[in-house]
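Student: Residue numbers (my numbering), protein chains in the order written: chain A, 1 to 447; chain B, 1 to 492.
No residue lacks a Cβ here, since even glycine has one placed at the ideal position from N, Cα and C.
Keep in mind it's a predicted model, so treat the numbers as computed, not measured.
#1: Quick one: which unbroken alpha helix (DSSP H) runs of 4-plus residues sit fully inside the stretch 78-164 of chain B? Chain order, please.
#2: By the criterion of Cβ-Cβ separation under 8 Å, what are the contact partners of residue 319(B) in chain A?
#3: How would you list, in chain order, the residues of chain A whose beta-carbon sits under 9 Å from the beta-carbon of residue 43(B)?
#4: Per DSSP, which one or two residues make a beta bridge with residue 373(A)?
#5: To the nearest angstrom, how far is the alpha carbon of residue 245(B) from that of residue 414(B)?
#6: Does residue 486(B) come out as helix, strand or coil in the three-state DSSP assignment?
#7: Looking only at its chain, what residues have a beta carbon closer than 7 Å to the beta carbon of residue 175(B), apart from the 5 residues adjacent to it on each side?
#8: Measuring CB to CB, does residue 285(A) end up less than 8 Å from residue 257(A)?
#9: Compute the beta-carbon to beta-carbon distance between residue 94(B) and residue 351(A), rounded to the nearest angstrom, for a pair I have assumed lies under 8 Å.
#10: Does any residue of chain B bring its CB to less than 8 Å from the CB of residue 271(A)?
#11: Quick one: residues in its chain with C-beta nearer than 8 Å to the C-beta of residue 109(A), no 5 flanking neighbours on either side, listed in chain order?
#12: Assign residue 209(A) to one of three DSSP states: helix, strand, or coil.
#13: Starting from residue 8(A) and walking both ways along the alpha helix (DSSP H), at which residues does that stretch end?
#14: Could you tell me whether the Cβ of residue 318(A) comes closer than 8 Å to any Cβ of chain B?
#15: According to DSSP, what are the bridge partners of residue 406(B)?
#16: Closer than 8 Å is the cut-off here; do at least three beta carbon pairs connect the stretch 40-49 of chain A with the stretch 87-101 of chain B?
#17: In the DSSP assignment, find the beta strand (DSSP E) that holds residue 424(B) and state where it starts and stops.
#18: Could you please tell me which residues of the stretch 383-404 of chain A, in chain order, have their CB closer than 9 Å to any CB of chain B?
#19: May I ask you to report which of helix, strand or coil DSSP gives residue 182(A)?
#20: What is the DSSP secondary structure of residue 267(B), reduced to helix, strand or coil?
#21: Using the beta-carbon of each residue, which ones in chain B are nearer than 8 Å to residue 426(A)?
#22: Confirm, please, whether the CB-CB distance from residue 125(A) to residue 340(A) is below 8 Å.
#23: For the beta strand (DSSP E) containing residue 277(A), name the first residue and the last one.
#24: Is residue 24(B) near residue 361(A), with beta carbons less than 8 Å apart?
#25: Please list, in chain order, the residues of the stretch 161-189 of chain B that have any C-beta partner in chain A closer than 9 Å.
#26: Since residue 217(A) meets chain B, which of its residues come closer than 9 Å, beta carbon to beta carbon?
#27: With 8 Å as the threshold, decide whether the Cβ of residue 188(A) is near any Cβ in chain B.
#28: By the 10 Å Cβ neighbour count, where 16 or more other Cβ atoms means buried, how is residue 18(B) classified, buried or exposed?
#29: From residue 355(B) to residue 71(B), what does the alpha carbon distance come to, in whole angstroms?
#30: Jot down the residue ranges of each uninterrupted beta strand (DSSP E) in the stretch 319-407 of chain B, minimum 3 residues, whole runs only, in chain order.
#31: Taking 8 Å as the threshold (beta carbon to beta carbon), is residue 484(B) in contact with chain A?
#32: Measure the alpha-carbon distance for residue 293(B) versus residue 171(A) and round it to whole angstroms.
#33: Which one of 303(B), 304(B), 161(B) has the shortest CA to CA distance from residue 235(B)?
#34: Under the DSSP definition of a beta bridge, which residues are partnered with residue 412(B)?
#35: For residue 278(B) versus residue 324(A), is the C-beta distance shorter than 8 Å?
#36: With a threshold of 8 Å between beta-carbons, can residue 244(A) be considered close to chain B, or not?
Structure follows, in structure tokens:
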């Protein structure tokens with residue numbers, strides 16, 4: 001199957017118009033000694049065969065749909081109302097390109113505008129861009145904004161160890177040629193009051209996560225105040241779903257809010273694609289990277305939307321652009337906008353509360369088990385840490401026999417948290433599943 | 001034809017979804033940490049469906065009609081790709097589950113890495129970059145890391161031809177290296193004499209788009225690459241235009257050291273209204289150790305009785321992660337589906353017919369539209385949207401008028417080295433009939449430009465929206481819905 005519509009007759013007529021005899025003649029500019037390599041690739045197959053092959057391959061995976069999933073750590077199994085995927089399947093959305101021609105792209109543009117509005121309201125900030133790739137790259141872009149804001153005069157970034165390990169790794173990858181120092185996350189027990197002590201006149205940005213990677217929710221206003229007193233920008237990495245019930249970072253002084261939009265109606269899909277949330281204050285809008293949609297009118301007096309402030313972007317400013325980003329997560333933005341619309345004001349609160357109550361029930365029951373201990377010292381949202389009597393990998397292997405996907409093994413990224421499991425509980429988990437987990441953990445710890 | 005904002009459809013107390021009751025004992029909320037207001041819309045499911053359905057109808061898309069947007073490869077997106085990405089065994093897998101329980105995902109990714117290496121002539125591949133620009137940053141960081149590892153710390157100069165995508169210089173700046181712009185010569189190639197002047201021991205590399213953004217295969221590609229390699233630099237290949245080269249030439253055989261693909265261009269994954277894309281990066285042998293962490297590899301070869309075991313492997317001198325988790329898995333899966341179906345012969349046919357379609361359009365339009373670098377093109381070409389005898393008409397007017405004829409306009413005002421550029425890329429999935437209809441419209445517009453310029457200046461006329469006031473949008477920034485809805489005390 002090739003999706004090429006040309007008949008032999010079409011081809012011959014077209015070659016005659018072009019003035020060459022054969023298709024091969026179109027490539028004379030290609031050096032002859034490397035032209036037309038014999039590629040070692042599989043042969044063509046039909047649509048039916050590819051479907052069968054991929055169905056078989058997909059069945060080689062364990063999927064969370066048929067398990068009780070207590071694994072989170074930045075990707076969460078939430079309920080997605082049917083209307084979300086029905087909308088994503090609209091050809092007009094998924095087969096369109098970037099809305100560079102606003103007259104025939106109002107569907108995408110208005111959707112982004114509505115998404116930007118929802119992100120501002122969720123995070124309590126003034127402006128949102130049209131999204132970055134994911135939460136990790138959003139945090140890296142926050143770093144770049146802060147460095148630019150200080151015009152290269154401040155060269156230190158302070159980051160909490162309780163930010164997702166992948167996000168911190170991405171920030172380090174992005175910064176390797178920038179000649180800056182990233183500090184703060186050397187020890188896993190560093191809290192926001194400890195971060196305050198690291199702020200100085202060289203600090204461009206301090207970043208924390210809320211709820212943090214271990215699930216904790218704490219009052220971050222003192223850190224925000226300290227950041228501002230030292231002249232640093234204050235960035236908060238959020239789980240947007242938690243903001244259905246938690247005080248938004250805009251209320252405690254955040255300058256930039258980033259996060260991953262996956263919990264808002266985006267399927268797990270082995271971790272991607274998702275979207276990167278990026279919101280900030282009005283005063284940083286011209287330093288913010290990424291696409292931005294603004295409201296305007298057309299020449300018939302109708303309200304309409306366009307990409308705006310494009311002179312910040314790479315296709316105009318090239319090497320002086322705020323970032324190299326040349327896309328946004330358009331279809332994922334649509335998923336989140338539809339999700340937040342249909343779940344709405346009351347529904348998002350309800351989902352967040354369901355997660356909260358279920359997680360606390362699970363934590364309390366596991367903490368009561370012999371050998372297990374709840375590690376969190378602060379209130380938490382829908383994720384918590386338990387110290388286990390055995391290595392987490394061993395426990396998880398046993399849990400699979402119960403059709404349970406166990407929590408994240410923190411020892412992989414935090415050596416001093418060996419034998420500590422990060423457990424996530426979302427609204428899709430029923431009480432019976434939590435009780436089963438507790439029973440399974442009890443059995444596993446006894447053998 | 002304006003559609004209200006979702007906020008304008010909102011009514012306090014209305015619900016769009018039903019959720020189960022709490023089935024566990026409730027826990028009190030932490031004091032001082034719970035928000036009081038959450039000003040999201042309150043609408044019924046039917047409202048949501050109609051709203052987004054009506055919004056969808058305001059979009060032009062590939063499934064509406066011809067979309068010859070140069071440099072973007074707007075080919076048909078096979079529907080089976082969408083179904084495969086939604087198979088529960090793929091869509092409901094968690095990125096951090098044990099690799100032993102995700103062998104289907106990893107086997108698929110391993111095969112795709114392999115095919116992309118074979119097509120490009122590379123020894124290693126990362127599927128992690130989220131988009132073309134993200135692949136560029138990854139590739140440039142790999143080049144930087146290679147020089148640093150050799151103790152060559154003074155190598156910071158990256159050459160970029162003036163015809164390059166804007167992402168090339170922007171990515172280079174993000175990597176902390178310096179951009180040196182190189183002009184094009186009279187035939188649209190990299191200006192070799194100019195390049196020679198800058199070649200010294202500070203060269204880190206050159207970013208080459210080949211075919212370039214004029215749609216031309218660089219006639220000096222060998223000399224350019226030898227020159228850069230000769231002074232110790234590496235060649236970055238911008239794979240945006242790979243649709244012209246499948247089975248035609250392997251970039252690695254030309255001497256390109258690092259290259260990103262755009263799965264959303266060459267390998268038929270949908271553009272999604274601006275994303276998500278996917279920008280895998282391939283490298284030659286000496287750069288394999290610098291790839292992003294992790295790559296998919298075989299950790300146990302297996303035998304007749306058991307299949308190989310796939311796992312995630314950290315390259316020895318990796319530049320680090322460029323993204324959380326494993327890249328845009330859903331996009332990668334769509335590309336796999338497409339490549340598996342087309343196979344070796346189908347992929348070669350893609351390039352053959354993409355190049356044939358572009359040359360057919362070029363042949364039919366070159367007498368009416370000036371083509372500044374006129375020779376056999378690859379998968380696209382650039383014409384000028386301006387005539388001396390129709391001085392008021394610009395590329396923008398032609399673009400807008402094309403909408404009235406039912407077409408998406410070509411890319412305009414890029415590349416910057418052609419005045420009033422119209423960059424036309426038909427792709428292989430368009431029939432001769434659809435090309436002929438487009439040619440007819442382009443010729444009619446050229447006639448209108450002389451006889452009735454006002455119709456072009458005020459176009460489009462038949463679309464649901466007219467030209468937008470972009471100046472107002474930038475001067476009076478309205479970037480989110482605050483007035484109106486949120487001014488109502490009930491919504492606070």
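Tutor: Result, derived from the coordinates:
#1: 79-85, 88-91, 103-120, 132-149
#2: 173, 176
#3: 341, 342, 344
#4: 387(A)
#5: 22 Å
#6: A caution first: residue 486(B) carries a pLDDT of 49, below 50, which makes its placement in the model unreliable, though a value can still be read off. Reduced to three states, the DSSP call for residue 486(B) is coil.
#7: 137, 140, 141, 144
#8: no
#9: With a Cβ gap of about 19 Å, residue 94(B) and residue 351(A) do not count as contacting.
#10: yes
#11: 99, 102, 293, 304, 305, 306, 307
#12: strand
#13: 8-18
#14: yes
#15: BP columns for residue 406(B) are empty, so no partner.
#16: no
#17: 421-424
#18: 393, 396, 397, 400
#19: strand
#20: coil
#21: By Cβ distance, chain B contributes nothing, its closest Cβ being about 12 Å from residue 426(A), past 8 Å.
#22: no
#23: 276-280
#24: yes
#25: 164, 165, 166, 167, 168, 169, 170, 171, 172, 173, 174, 175, 176, 177, 178, 179, 181
#26: 30, 33
#27: no
#28: exposed
#29: 13 Å
#30: 381-384
#31: In this prediction, residue 484(B) scores a pLDDT of 48, lower than 50, which makes its location untrustworthy; no coordinate-derived value is stated.
#32: 13 Å
#33: 161(B)
#34: 422(B)
#35: no
#36: yes
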